[in-house]
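Numbering of the sequence shown is given in the UniProt record's numbering, commencing with residue 1 and proceeding in unit increments. Using N, Cα and C, we set each Cβ at its ideal position, and we do this for glycine too.
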Amino acid sequence: MKDTYSIGEVAKLLQISIHTIHYYEKVGLLPKIDRLENGYRYFDTESILRLKGIVLLRACGMSIDNILKIHQDNSIENNLDLMLDTSKMLESHITELQNIKRELDEAIIASKNFHTKASSSIVMEKITGWFNPYFNNEISLTDFLEDDDTAWLLQDEEFVMGKINALQESEDSLSLEDQLYLCCYFSFNNEEAIEQSLKKLLAYAANKKYNTKDYALLTVLSKPSISLGHHLAGRLMLALHN
Numbered sequence: 001m002k003d004t005y006s007i008g009e010v011a012k013l014l015q016i017s018i019h020t021i022h023y024y025e026k027v028g029l030l031p032k033i034d035r036l037e038n039g040y041r042y043f044d045t046e047s048i049l050r051l052k053g054i055v056l057l058r059a060c061g062m063s064i065d066n067i068l069k070i071h072q073d074n075s076i077e078n079n080l081d082l083m084l085d086t087s088k089m090l091e092s093h094i095t096e097l098q099n100i101k102r103e104l105d106e107a108i109i110a111s112k113n114f115h116t117k118a119s120s121s122i123v124m125e126k127i128t129g130w131f132n133p134y135f136n137n138e139i140s141l142t143d144f145l146e147d148d149d150t151a152w153l154l155q156d157e158e159f160v161m162g163k164i165n166a167l168q169e170s171e172d173s174l175s176l177e178d179q180l181y182l183c184c185y186f187s188f189n190n191e192e193a194i195e196q197s198l199k200k201l202l203a204y205a206a207n208k209k210y211n212t213k214d215y216a217l218l219t220v221l222s223k224p225s226i227s228l229g230h231h232l233a234g235r236l237m238l239a240l241h242n
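Okay, here's the thing in structure tokens:
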């Protein structure tokens, strides 16, 4: 083990940049770095241990000011309080990251399922509940982004935004009770793609001699849409007479 190490060796050892070491020296976290006779700066083992502690506290999210307080205050009680506060902050951050990872994992599963369904033929599905149209900006942006039950009723060349699988019927509800639908899963980024998918469903129904109703429902699937870039993941449902 050597007695002294160059600033480059220390930077590589602690996986930080030389610029970061200079910055810590500039703001007072590190004492002035000594130089050898050849003019090169060097670290002894004591300085490296001090820097290692700084790197750990910074990685934990502790501010430069609080690290300075620890280095300027010899009271272990005060310094432990700062470190405990940082530990609590880390616990909160870990929980946030776990929640983010869970959402990402759900999006991955949903994207795989969507890809499987989009690659398969048209399927028949049944929905129970109601379609309740939204009026007077009843839906918030947060609800729209988080709720896959947000849907558009396609009828008489009009799009009416609302919610399917509603638990309560309203005066303007459309009953979906035990309603059969021809469904296709597809990606789209314009109305033309929606129209093409609707024509595909109508042609399929005609070929099978299904008796169709005068409306369809379109839902945008938020989780698989994450994997589609500029496109959205959709489920188009053409209503059939039972």
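To the nearest angstrom, how far is the alpha carbon of Ser111 from that of Ser225?
8 Å
Per-residue DSSP class, three states only, for Asn78
helix
Which one or two residues does DSSP pair with Gln155 in a beta bridge?
Glu158
Tyr5 - containing beta strand (DSSP E), residue span:
4-6
Going by C-alpha distance, which of Leu51, Leu90, Leu154 is nearest Tyr215?
Leu154
Unbroken beta strand (DSSP E) run spanning Tyr42, endpoints
42-44
Buried or exposed for Gly129, going by 16 or more other Cβ atoms inside 10 Å?
Residue burial annotation: Gly129 is buried, with at least 16 other C-beta atoms found within 10 angstroms of its C-beta.
First and last residue of the uninterrupted alpha helix (DSSP H) at Tyr210:
Tyr210 -> no alpha helix (DSSP H), and no H or E assigned at all.
I'd like the span of the beta strand (DSSP E) that includes Tyr181, first residue to last.
179-188
What's the C-alpha gap between Lys69 and Asp81?
11 Å
Leu218 - DSSP class collapsed to helix/strand/coil:
strand
Would you give the residue range spanned by the alpha helix (DSSP H) that Lys32 belongs to?
No alpha helix (DSSP H) holds Lys32; DSSP gives it neither H nor E.
Own chain, CB closer than 6 Å to Trp152, minus 5 neighbours either side, in chain order:
Phe159, Met161, Leu218
Residues in the same chain with beta-carbon distance under 7 Å from Lys32, minus the five sequence neighbours each way, listed in chain order, please.
Cβ within range, chain order: Glu25.
Determine whether the beta carbon atoms of Ile76 and Val27 lie at a separation below 8 Å.
no
Write down the C-beta distance between Ser197 and Leu236 rounded to the nearest angstrom, noting that I regard them as a contact closer than 8 Å.
Between Leu236 and Ser197 the Cβ distance is about 5 Å, and since that is below 8 Å, they are a contact.
How far does the alpha helix (DSSP H) with Ile16 in it reach, from first residue to last?
Ile16 -> no alpha helix (DSSP H), and no H or E assigned at all.
Which of the three DSSP states is assigned to Met89 in this structure?
Three-state result, Met89: helix.
Across which residues does DSSP place Asn132 in a beta bridge pair?
Asn132 has Lys163 as its beta-bridge partners, per DSSP.
Kindly list the residues whose CB is nearer than 8 Å to the CB of Ser187, restricted to its own chain and excluding five residues on each side of it in sequence; keep chain order.
Ala118, Ala193, Leu228, His231, Leu232, Ala233, Gly234
For the candidate residues Glu46, Tyr185, Gln179, Asn190, whose alpha-carbon lies nearest to that of Thr212?
Among Glu46, Tyr185, Gln179, Asn190, the Cα nearest to that of Thr212 belongs to Gln179.
Member of Ser121, Glu171, Asn132 whose CA lies at the smallest distance from the CA of Lys200:
Ser121
Do you know how far the Cα of Arg58 is from the Cα of Ile18?
16 Å
Buried or exposed: which applies to Met62, given that a residue is buried once 16 or more other Cβ atoms fall within 10 Å of its Cβ?
buried
Helix, strand or coil for residue 309, going by three-state DSSP, please let me know.
Outside the shown range of the chain, which is 1 to 242, sits residue 309, and nothing can be said about it.
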